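**Student:** In this note's numbering, the protein residues as written are 48 to 524.
Built from N, CA and C at the ideal position, the CB exists for glycine as well.
Computed from a predicted structure; not experimentally measured.
Provided herewith is a single structure, encoded as structure tokens, for subsequent inquiry.
As structure tokens, this is what we get:
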């Protein structure tokens with residue numbers, strides 16, 4: 048346990064929840080706060096920023112939450128500006144009160160109120176302001192600790208578990224007392240905004256989030272705070288249950304655009320390294336995998352992400368409202384993005400299961416990987432079987448939809464990660480050539496313009512993160 052010798056100074060706490068069409072989940076989170084007397088002892092405001100069309104106020108249990116919280120509960124309706132827009136609004140509203148701590152929280156979590164109290168107590172006991180993050184437990188497997196603490200590796204240009212952290216630990220197998228690694232201090236450079244406490248001084252000196260809509264806004268904010276002298280801690284004993292990202296399709300669905308664009312922005316602002324070689328190598332490798340898997344829409348979204356990054360920071364506020372419709376329109380032109388409820392809507396596969404058994408296991412040895420890659424490239428340059436356009440050759444669950452399997456086929460029906468839908472992917476050599484050529488051209492341009500574009504983003508940060516600039520966004524009709 049964390050112990051202090053003197054009583055902690057009283058510090059008022061506000062909770063800011065961003066929600067989008069999850070009224071039941073949001074009300075459940077609010078009620079978890081409202082029904083805990085200890086939490087009510089420190090909680091002065093709960094700001095719910097509702098960006099959806101299915102409103103929290105209309106949920107049948109909302110009245111009970113209002114009855115318990117009274118005027119401490121404030122619901123704000125606004126356009127869908129993503130997580131960054133929702134949390135920026137919550138931060139601004141909190142700064143208009145006397146609170147010292149602002150706790151950001153997703154709507155789709157299951158909350159243990161003691162986690163709020165522990166984060167608040169730790170921040171109150173800290174000798175200087177510190178961002179306090181909650182760890183993530185797996186909502187689908189509640190005994191599993193999915194994320195203990197993470198860092199952004201500014202050299203390899205991606206996030207990963209922090210050194211010494213334990214990933215996907217199962218408490219049902221090994222308890223807290225039995226796993227000594229869970230007691231070690233780890234060094235995190237950012238924390239996810241599924242639940243994250245930010246002191247007022249950090250908000251005042253660090254500013255608001257960048258207008259990134261979703262993805263990387265939490266990582267960028269913590270990196271920026273670290274440069275201002277405010278560290279990030281992921282606190283053992285403070286955690287929420289949340290859907291793990293491994294159960295989502297966010298590397299291939301519409302969020303792929305935001306992943307890449309915002310990753311580029313974050314690296315442009317904060318990496319001290321020349322990351323151009325790493326970005327190009329990673330980008331070409333991922334493009335190859337997506338093209339082999341007939342994920343043409345994902346590659347097209349990556350193209351748009353690079354184009355919008357290179358267009359500069361002056362468009363970011365406009366893209367809060369404009370990017371998502373443009374992304375959806377772009378995806379609509381590709382088979383792999385057209386999701387149907389069930390594989391029964393398509394003809395039965397023409398291949399039997401035995402035919403592909405030897406292709407399910409990934410190649411491991413470098414020579415085997417190279418051989419499979421050359422085989423799949425050659426296959427994608429040839430004309431597909433005409434019959435495969437009307438009838439899928441196989442039906443593949445998401446876990447098996449990998450390049451080394453799909454790259455040998457002409458078509459397949461592929462389920463999404465949560466099993467709620469299926470897409471009929473069809474191999475298209477013309478699309479393959481066009482997308483690959485555009486990929487090479489864009490990464491060449493990215494490498495050429497990286498330094499100049501990075502300077503533009505760095506110069507724009509004060510305006511992009513200012514309260515006044517964000518207020519103008521919220522005031523637009």
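Which value, in whole angstroms, describes the spacing of the CA atoms of residue 369 and residue 228?
**Tutor:** Taking the straight line from one Cα to the other gives about 45 Å.
**Student:** Taking 8 Å as the cut-off, does the CB of residue 420 come closer than this to any heavy atom belonging to the ligand GTP?
**Tutor:** This structure simply doesn't include the ligand GTP, nor any ligand for that matter.
**Student:** Keeping to the same chain, check which residues put their C-beta closer than 6 Å to that of residue 431; ignore five residues upstream and five downstream.
**Tutor:** Around residue 431: 457 and 474.
**Student:** Here's the rule: buried if 16 or more other CB atoms are within 10 angstroms of the residue's CB, otherwise exposed. What is residue 230?
**Tutor:** Answer is exposed; the Cβ neighbour count stays below 16.
**Student:** Is DSSP giving residue 516 helix, strand or coil here?
**Tutor:** Of the three classes helix, strand and coil, the one that applies to residue 516 here is helix, per DSSP.
**Student:** By alpha-carbon positions, which one of 163, 338, 311 and 435 ends up nearest to residue 502?
**Tutor:** It is 311.
**Student:** What does the alpha-carbon distance come out to for the pair residue 217 and residue 495?
**Tutor:** Rounded to whole angstroms, residue 217 to residue 495 spans 46 Å at the Cα level.
**Student:** Taking just the CA atoms, how far does residue 275 sit from residue 252?
**Tutor:** Rounded to whole angstroms, residue 252 to residue 275 spans 8 Å at the Cα level.
**Student:** For residue 92, write down the residues that DSSP places opposite it in a beta bridge.
**Tutor:** Looking at the DSSP assignment, residue 92 forms a beta bridge with 61.
**Student:** Mind checking residue 86: buried by the 16 CB within 10 Å criterion, or exposed?
**Tutor:** Residue 86 comes out buried.
**Student:** State buried or exposed for residue 509, treating a residue as buried only when at least 16 other CB atoms are found within 10 Å of its CB.
**Tutor:** Under this definition residue 509 is an exposed residue.
**Student:** What residue range is occupied by the uninterrupted beta strand (DSSP E) comprising residue 152?
**Tutor:** Its beta strand (DSSP E) spans residues 148 to 153.
**Student:** Are the CB atoms of residue 454 and residue 419 nearer to each other than 9 Å?
**Tutor:** Cβ atoms of residue 454 and residue 419: closer than 9 Å.
**Student:** Going by C-alpha to C-alpha distance, which of 151, 207 and 281 sits closest to residue 233?
**Tutor:** Of 151, 207 and 281, the residue nearest in Cα terms is 281.
**Student:** On the criterion of 16 or more Cβ atoms from any shown chain inside 10 Å, does residue 34 qualify as buried, or is it exposed?
**Tutor:** Nothing can be reported for residue 34, as the shown portion of the chain is limited to 48 through 524.
**Student:** Report the rounded CA-to-CA distance for residue 524 versus residue 364, giving the unit in angstroms.
**Tutor:** Going from the Cα of residue 524 to the Cα of residue 364 covers about 14 Å.
**Student:** With C-beta atoms as the reference, is residue 96 less than 9 Å away from residue 63?
**Tutor:** Yes.
**Student:** Quick one: measure Cβ to Cβ for residue 128 and residue 348, integer angstroms, because I've assumed they're closer than 8 Å.
**Tutor:** Not quite, the Cβ-Cβ distance comes to about 20 Å (not below 8 Å), so this is no contact.
**Student:** Can you say whether residue 446 is buried or exposed, counting buried as having 16 or more other CB atoms within 10 angstroms of its CB?
**Tutor:** Answer is exposed; the Cβ neighbour count stays below 16.
**Student:** Taking Cβ positions, are residue 137 and residue 158 nearer each other than 9 Å?
**Tutor:** Result no, Cβ atoms of residue 137 and residue 158 do not sit closer than 9 Å.
**Student:** Mapping the DSSP letters down to three states, classify residue 327 as helix, strand or coil.
**Tutor:** Note: residue 327 maps to helix in three-state DSSP.
**Student:** In three-state terms, what does DSSP make of residue 402?
**Tutor:** The answer is helix: DSSP assigns residue 402 an H, G or I state.
**Student:** How far does the beta strand (DSSP E) with residue 287 in it reach, from first residue to last?
**Tutor:** Its beta strand (DSSP E) spans residues 279 to 289.
**Student:** Between the beta-carbon of residue 500 and the beta-carbon of residue 359, is there less than 9 Å?
**Tutor:** Yes.
**Student:** Return the first residue and the last residue of the alpha helix (DSSP H) that residue 260 is part of.
**Tutor:** Neither: residue 260 is in no alpha helix (DSSP H) and is coded neither H nor E.
**Student:** In the DSSP assignment, what are the bridge partners of residue 525?
**Tutor:** Missing from the structure shown is residue 525; the chain here goes from 48 to 524 and no further.
**Student:** Could you check whether the Cβ of residue 519 sits closer than 9 Å to any Cβ belonging to chain B?
**Tutor:** In the displayed structure, chain B is absent; only one protein chain is listed.
**Student:** Kindly indicate which three-state DSSP category residue 194 falls into: helix, strand or coil?
**Tutor:** Correct three-state label for residue 194: strand.
**Student:** To the nearest angstrom, how far is the alpha carbon of residue 429 from that of residue 207?
**Tutor:** In a straight line, the C-alpha of residue 429 is about 38 Å away from that of residue 207.
**Student:** Taking only three categories from DSSP, how would you classify residue 309?
**Tutor:** It is helical.
**Student:** So what's residue 87 in DSSP terms, helix, strand or just coil?
**Tutor:** DSSP places residue 87 in helix when its eight states are reduced to three.
**Student:** Is it true that the CB of residue 189 sits closer than 9 Å to the CB of residue 288?
**Tutor:** Against a cut-off of 9 Å, the Cβ pair of residue 189 and residue 288 comes out as a contact.
**Student:** Once DSSP output is grouped into helix, strand and coil, what is the label at residue 357?
**Tutor:** Helix at residue 357.
**Student:** So what's residue 454 in DSSP terms, helix, strand or just coil?
**Tutor:** In this structure, residue 454 counts as coil in the three-state DSSP scheme.
**Student:** Using the beta-carbon count (16 or more within 10 Å), is residue 187 buried or exposed?
**Tutor:** Label assigned to residue 187: exposed.
**Student:** Grab me the residues of residue 440's own chain with a C-beta within less than 7 Å of its C-beta, minus the 5 sequence neighbours each way, in chain order.
**Tutor:** If we look at residue 440 and ignore the five residues flanking it on each side, its Cβ neighbours are 396, 397, 398, 456, 457, 458 and 459.
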